[in-house]
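Undergrad: Chains as they are written, first to last, in this note's numbering: chain V, 249 to 562; chain D, 146 to 504.
Below you'll find the structure I mean.
See below:
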């Protein structure tokens, strides 16, 4: 007992010492190289514009802090929407792979294998090019519905307050989704859904064949068996790996920088370059993603405890 | 992802030995080559690998000049291709000895980034490129063009001034002075715009050429170079007359090593001075025999200028012999792309290129 206590204390001390060494060494190097440090820059004027701010007011005269906040909001918007759609599409895919319909099952299998095995970055470039190369200029925008305009500037649609109209270069009024947001969302959703599909499939398969047979013999339909017998039991196996996929989706959203979506990483990159304070910028990115990931984990762990079989420790 | 390469560089700052044991010159001499940070996005005329993979351009020539001065051999350079975002950290952390990557000299960078700019090797300014014609496709477009022609307007609807860009979508690369100048210009003129910020040059150009943006903005040199080397049809794009900023591009070295600072600075000046003296890679051997005391000092026949820099006395001779003077670099790399000397001509010919006396 005493020895265990001693070794733990030694480990703690060693970790602390290492952290202190890195911190003081970094500070010293920054000092001798006359590189500015600290977070005071957050309150200085950012001076750069942001392409889409998700309905939050922002101008170049605002502070770096506000700019980073917009970036965080953009990351959050795409990650949250992505998680919802990826779960829906992934569940459909997983069930489709188990479908007795041969064609449907094979199509779903082909989808999973293709999407899973192509790097996400390449897929993002693909979706972005699809949108910007194939859609017309705003002047020749497609109009699938009244006051809905589809062009290589994205999709502009009316709100209860205003309708979009072409003014000069672009559509003004209404609300709009940019090609960057659309490409990133589609890329993240299709990619993550392939993994979620496999998780759902594995979860469903883990429920014993006997359970399904029993359900059928009780007179439940296929749908009813799925709804009341299979899914509740599958869910407790699905939730933990699903959490990892949500975390992956949130972290992969940082690839946004490659196709010009102004997410947190993109804004932090610009900030780092304007201020030259890379360590602070990277620290902010790390802290934010750590918080997002830990929040998702905490929520999913709570949910996992709720769906887990009571009294059964697996 | 590329921007996250900033992390290793930041780590390097954490791990680097607290005391820099040796000067940059000693370190460079010991390893036998100059490590030079250039533009990894391949900007034709400034730094881009040719078909054989050999780096070429005026930024590359600066690195070669320093190698010629230090080693008497212009080929003793190794190149690191850097993005706009990696460049300062790469220099700060000691990954490269010189940053020669069409970088604008500003007071913020000079004072807060731990680096020193040694001079200017290209006077530039930010400009805008737009499609020459409004993309009039289909019947609707043709009808609009006819309507405009009837009203006496230009039927192509072409933009002729940056003042007409209100509401435009602008493609721009991040982490550059370009982004700030762009915001300043539109704010000052009471106009709005939507930026599309994409990191790498090929991707941002794709977005512009595909019509995602109405405008592409960067330094005029970059516009000329991109239009000549990357546009599907260069004649379809025009560069607007407005130049909205001063962009003196020049090499930089780490703060605090004055010897190395001097070497890089005077290597740059030697190429400018050589042009002014009429010394070229072709005629320097012949000129070295002349009785002109200025030339004799320059080539190291008399005087100890090289020694003062801690180098061989033939340092400047080697630069001109192996790399050529500034005008030769310009003519080799930039003239074929359609650049004219303009501000980058010698001060004696109406430009800004001026070297303090080498004596």
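All residues carry an ideal CB built from backbone N, CA and C; glycine is no exception.
(1) Taking the beta strand (DSSP E) that residue 269 of chain D falls in, what are its first and last residues?
(2) Distance, Cα to Cα, residue 377 of chain V vs residue 339 of chain V?
(3) What's the gap between the Cα of residue 449 of chain D and the Cα of residue 443 of chain D?
(4) Of all the options D/344, D/329, D/356, which has the alpha carbon lying nearest to the alpha carbon of residue 319 of chain D?
(5) With residue 388 of chain D and residue 275 of chain D assumed to form a contact (beta carbons below 8 angstroms), what rounded beta-carbon distance in angstroms separates them?
(6) Less than 7 angstroms between CB atoms is the rule here; does residue 308 of chain V satisfy it with respect to chain D?
(7) Could you work out which residues of chain V lie near residue 258 of chain D, taking near to mean beta carbons separated by less than 7 angstroms?
(8) Along chain V, which residues have their Cβ under 7 angstroms away from the Cβ of residue 167 of chain D?
(9) Taking all protein chains shown into account, decide if residue 287 of chain V is buried (16 or more other Cβ within 10 angstroms of its Cβ) or exposed.
(10) Name the two residues that bound the continuous beta strand (DSSP E) containing residue 455 of chain V.
(11) What is the rounded straight-line gap between the Cα of residue 334 of chain V and the Cα of residue 230 of chain D?
(12) Check for me: the beta strand (DSSP E) holding residue 424 of chain V runs from which residue to which?
(13) Give the DSSP-derived three-state secondary structure of residue 178 of chain D in the structure shown.
(14) Just curious, the beta strand (DSSP E) that residue 402 of chain V is in, first and last residue?
(15) On the DSSP bridge assignment, give the partners of residue 527 of chain D in chain order.
(16) Nearest CA to the CA of residue 556 of chain V: which residue from V/521, V/443, V/251, V/484?
(17) State the DSSP-derived secondary structure class of residue 481 of chain V, mapped to helix, strand or coil.
(18) According to DSSP, residue 521 of chain V sits in a beta bridge with which residue or residues?
(19) At a threshold of 6 angstroms, does residue 502 of chain D count as lining the ligand ZN (C-beta to nearest heavy atom)?
(20) With H, G and I counted as helix, E and B as strand and the rest as coil, what does DSSP make of residue 331 of chain V?
(21) Is the beta carbon of residue 243 of chain D less than 7 angstroms from the beta carbon of residue 181 of chain D?
(22) Determine, for residue 330 of chain V, whether the minimum Cβ-Cβ distance to residues of chain D falls below 7 angstroms.
(23) Whole angstroms is fine: what's the gap from residue 401 of chain D's alpha carbon to residue 496 of chain V's?
(24) Should residue 173 of chain D be flagged as near chain V, meaning a C-beta pair shorter than 7 angstroms?
(25) Using a threshold of 7 angstroms, state whether the C-beta atoms of residue 374 of chain D and residue 270 of chain D are closer than that.
(26) Using DSSP bridges, identify the partner residues of residue 397 of chain V.
(27) When the Cα of residue 448 of chain V is compared with those of V/273, V/308, V/345, which residue comes out closest?
(28) At 4 residues or longer, what runs of the alpha helix (DSSP H) sit wholly inside the segment 305 to 357 of chain V?
(29) Of the residues V/403, V/418, V/423, which one's Cα is nearest the Cα of residue 409 of chain V?
(30) Can you have a look at residue 380 of chain D and say buried or exposed, based on whether 16 or more other CB atoms are within 10 angstroms of its CB?
(31) Suppose you measure from the CA of residue 310 of chain D to the CA of residue 359 of chain D; what does that come to, to the nearest Å?
(32) For the segment 466 to 482 of chain V and the segment 417 to 435 of chain V, state whether three or more C-beta atom pairs, one from each stretch, are separated by less than 8 angstroms.
(33) Taking Cβ positions, are residue 407 of chain D and residue 482 of chain D nearer each other than 7 angstroms?
(34) List the residues of chain D whose Cβ lies closer than 7 angstroms to the Cβ of residue 417 of chain V, in chain order.
(35) Under the three-state reduction of DSSP, which class applies to residue 394 of chain D: helix, strand or coil?
(36) Would you say residue 271 of chain D lies against chain V (beta-carbon separation less than 7 angstroms)?
TA: Reading it off the structure:
(1) Taking the first residue of the second chain as 1, we reach residue 269 of chain D at position 124. Per DSSP, residue 269 of chain D is one residue of the beta strand (DSSP E) stretching across 267 to 269.
(2) In the first chain, the residue the question calls residue 377 of chain V occupies position 129. In the first chain, the residue the question calls residue 339 of chain V occupies position 91. CA-to-CA, the gap between residue 377 of chain V and residue 339 of chain V works out to about 28 angstroms.
(3) Along the second chain, one-based indexing puts residue 449 of chain D at 304. Along the second chain, one-based indexing puts residue 443 of chain D at 298. It is roughly 10 angstroms from the alpha-carbon of residue 449 of chain D to the alpha-carbon of residue 443 of chain D.
(4) Within the second chain, numbered from 1, the residue matching residue 319 of chain D stands at position 174. The shortest C-alpha to C-alpha distance from residue 319 of chain D to any of D/344, D/329, D/356 is the one to D/344.
(5) Against the second chain, residue 388 of chain D aligns to sequence position 243. Against the second chain, residue 275 of chain D aligns to sequence position 130. Residue 388 of chain D to residue 275 of chain D, Cβ: 15 angstroms. No contact.
(6) For this step, residue 308 of chain V is matched to residue 60 along the first chain. It does; some Cβ of chain D falls within 7 angstroms.
(7) If you number the second chain from 1, residue 258 of chain D lands on position 113. Contact of residue 258 of chain D with chain V by beta-carbon distance below 7 angstroms involves 283, 524.
(8) For the purposes of this step, residue 167 of chain D is taken as residue 22 along the second chain, with counting starting at 1. None at all; the shortest Cβ gap to chain V is about 15 angstroms.
(9) Looking up residue 287 of chain V in the first chain gives position 39. Residue 287 of chain V should be labelled exposed.
(10) Your numbering for residue 455 of chain V matches position 207 in the first chain. Counting along the chain, residue 455 of chain V sits inside no beta strand (DSSP E), nor does DSSP assign it H or E at all.
(11) Locating residue 334 of chain V in the first chain gives position 86, counting from the first residue. Locating residue 230 of chain D in the second chain gives position 85, counting from the first residue. Roughly 32 angstroms between the two C-alpha positions.
(12) Locating residue 424 of chain V in the first chain gives position 176, where the first residue counts as 1. Looking at the DSSP string, the run of the beta strand (DSSP E) that includes residue 424 of chain V is 423 to 425.
(13) For this step, residue 178 of chain D is matched to residue 33 along the second chain. The DSSP-derived three-state label of residue 178 of chain D is coil.
(14) For the purposes of this step, residue 402 of chain V is taken as the residue at position 154 of the first chain. According to the DSSP assignment, residue 402 of chain V belongs to the beta strand (DSSP E) that extends over 402 to 405.
(15) The first residue shown for chain D is 146 and the last is 504, placing residue 527 of chain D beyond what the model contains.
(16) Locating residue 556 of chain V in the first chain gives position 308, counting from the first residue. The option with the nearest alpha carbon to residue 556 of chain V is V/484.
(17) Against the first chain, residue 481 of chain V aligns to sequence position 233. Residue 481 of chain V falls in the helix class under three-state DSSP.
(18) In the first chain, the residue the question calls residue 521 of chain V occupies position 273. Partner(s): none; residue 521 of chain V has no beta bridge.
(19) This structure lacks the ligand ZN, and indeed carries no ligand of any kind.
(20) For the purposes of this step, residue 331 of chain V is taken as residue 83 along the first chain, with counting starting at 1. Helix.
(21) Within the second chain, the letter at position 98 stands for residue 243 of chain D. Within the second chain, the letter at position 36 stands for residue 181 of chain D. Yes; because the gap between Cβ atoms is below 7 angstroms, this pair is in contact.
(22) As a working note, residue 330 of chain V is residue 82 in the first chain. Judged by the 7 angstroms Cβ criterion, residue 330 of chain V is not in contact with chain D.
(23) In the second chain, the residue the question calls residue 401 of chain D occupies position 256. In the first chain, the residue the question calls residue 496 of chain V occupies position 248. Taking the straight line from one Cα to the other gives about 43 angstroms.
(24) Your numbering for residue 173 of chain D matches position 28 in the second chain. No, residue 173 of chain D lies away from the interface with chain V (no Cβ there is under 7 angstroms from its Cβ).
(25) In the second chain, counting from the first residue as 1, residue 374 of chain D sits at position 229. In the second chain, counting from the first residue as 1, residue 270 of chain D sits at position 125. Contact check for residue 374 of chain D against residue 270 of chain D fails: the beta carbons are separated by 7 angstroms or more.
(26) Taking the first residue of the first chain as position 1, residue 397 of chain V is located at position 149. Answer is V/404.
(27) The residue given as residue 448 of chain V occupies position 200 in the first chain. Ranking V/273, V/308, V/345 by CA distance to the CA of residue 448 of chain V puts V/345 first.
(28) Runs found: 312 to 345.
(29) As a working mapping, residue 409 of chain V is identified with position 161 in the first chain. Comparing alpha-carbon positions, the option among V/403, V/418, V/423 lying closest to residue 409 of chain V turns out to be V/423.
(30) Translated into the one-based positions of the second chain, residue 380 of chain D becomes position 235. Residue 380 of chain D counts as exposed, since fewer than 16 other beta carbons sit within 10 angstroms of its beta carbon.
(31) On the second chain, position 165 is the one that residue 310 of chain D refers to. On the second chain, position 214 is the one that residue 359 of chain D refers to. About 9 angstroms.
(32) Touching, no.
(33) What you label residue 407 of chain D is simply residue 262 of the second chain in a count that begins at 1. What you label residue 482 of chain D is simply residue 337 of the second chain in a count that begins at 1. Contact: no.
(34) Your numbering for residue 417 of chain V matches position 169 in the first chain. Think of a sphere of 7 angstroms around the beta carbon of residue 417 of chain V: the chain D residues whose beta carbon falls inside it are 312, 313, 314, 359, in chain order.
(35) Looking up residue 394 of chain D in the second chain gives position 249. If DSSP states are grouped into helix, strand and coil, residue 394 of chain D belongs with the strands.
(36) Taking the first residue of the second chain as 1, we reach residue 271 of chain D at position 126. Not flagged as an interface residue toward chain V: residue 271 of chain D, since no C-beta distance is shorter than 7 angstroms.
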